Structures are given as C-alpha cells and as structure tokens.
Amino acid sequence: MAAKYLSAANAAALDKDLMSLGAFSLDQLMELAGLSVSQVVYKVHPPSKGRRILVACGPGNNGGDGLVAARHLWHYGYKPTIYYPKQGKNELYQRLSTQLRNLSIPFADDFSEALKESDHIVDAIFGFSFSGSIRDPFPSIIHALETTSLPITSIDAPSSWDIAHGPPSSGPGANFMP
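Residue numbers (the UniProt record's numbering): 1 to 178.
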C-alpha cells in the first residue's frame, strides 16, 4: 500500500474536525499520536537493536507527542531519555512530564552527551505547523541530528522542514535527511 501524506492545512483541518465534530480532546489526540509513534519505533527499531531512545522534544504539541511516545516506549521495555530544553508551560505538558518523572525516566540537560548514550532518536521538536526561523537552542540540536549516524524517527516531518516543500535551502536542517 502506498504511503499517503497530508498537507499542513489538511492536518490542521483534521485536528479541528476531530476536536469539534469527533469530540476528541487535545489529550486524547496527543495520546493517540504518541502511541502511534511508539509503535513505529518498535517496528523500525525493535529492542534487539538497542533500548536507549533519545526523545528530543520541542515546546508545542509535537513535543507533547514525543513525551507520550516516551512513556509508551518505557512500557515496551525501552530506556528513553528526554531532552526538553523549552518545556511547554500549559498543564497538559506539565502532567506528561510528571508522568515520565514518576517512571524515573531521565531528563537530559546536555543533548550532545545524551546523544552519545543513545541507540535511536525520536525527533519531536517541530511538527506539521512549523514555519519561520529556528531559534535557540534548536539550531545546534538540528545540526546534531543532521550529522549523527544514529537512526531517527521524526514525528510529522523532520524538524526544520516545511511540510509542503521539504528541507530549508540553507541553514539548520538543510541537510537533515533522516
């Protein structure tokens, strides 16, 4: 079966319809997205290939999807580590972080060091609605993702990419091809 893709506008419309017509909450959609990501990681990177998963999270919903994925990966027997330099301020992100801390899932302060101790990366920094320039601390993180030899699973699309046009022509992410 051929892969199907959604444009950013279609993905946003789908989220809106699911929340209004389907009566799904943001929590539920994030739970479904994170579960799906964890299942993909399990399929493409089974525990036999290495259990140490670095989940790099951004401050928005894509980062929240990554937090949920990390929880599920922990339940599958993986050893996730979270890199979350700009933590979301709303209650949902705080609860997700608390759930991970209650499972003793570590939060790393140094991306480069965490990368050295990982077997696979989940890129949950920016999602389908990303636009504009990449601000600190993310340019150096995206550069590290560009240059690592570790396998990467990106949520929605590789961070820094425009969902319709692909990678930027220059700057952080121009060579990010997971």
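All C-beta atoms, glycine included, are put in the ideal place defined by N, C-alpha and C. None of these values were measured; they are calculated from a predicted model.
For Ser154, report the span of its beta strand (DSSP E) as first-last.
From DSSP, the beta strand (DSSP E) with Ser154 extends over 152-154.
Whose CA, out of Ser25, Phe24, Leu21, Pro46, lies closest to the CA of Thr153?
Comparing Cα positions, the closest option is Pro46.
What residues are listed by DSSP as bridge partners for Asp123?
Its beta-bridge partners are Ala56, Ser154.
Under the DSSP definition of a beta bridge, which residues are partnered with Tyr83?
According to DSSP, which records beta bridges pairwise, Tyr83 is partnered with Ala56, Ala108.
Cα separation between Gly60 and Tyr93?
Cα to Cα, the separation comes out at about 9 angstroms.
Give me the Cα-Cα distance between Ile155 and Ser131, rounded to the nearest whole angstrom.
If I take the Cα positions, the gap works out to 15 angstroms.
DSSP puts Gly166 in a beta bridge; with which residues?
In the DSSP output, where bridge partners are listed per residue, Gly166 has Asp162.
With Leu67 as the anchor, note down where its alpha helix (DSSP H) starts and where it stops.
Unbroken alpha helix (DSSP H) run through Leu67: 61-75.
Among Gly173, Leu32, Ser159, Lys16, which residue has its Cα nearest to the Cα of Val122?
Closest option to Val122, Cα to Cα, is Ser159.
Are the beta-carbon atoms of Val41 and Leu67 separated by less than 8 angstroms?
No. Outside cutoff.
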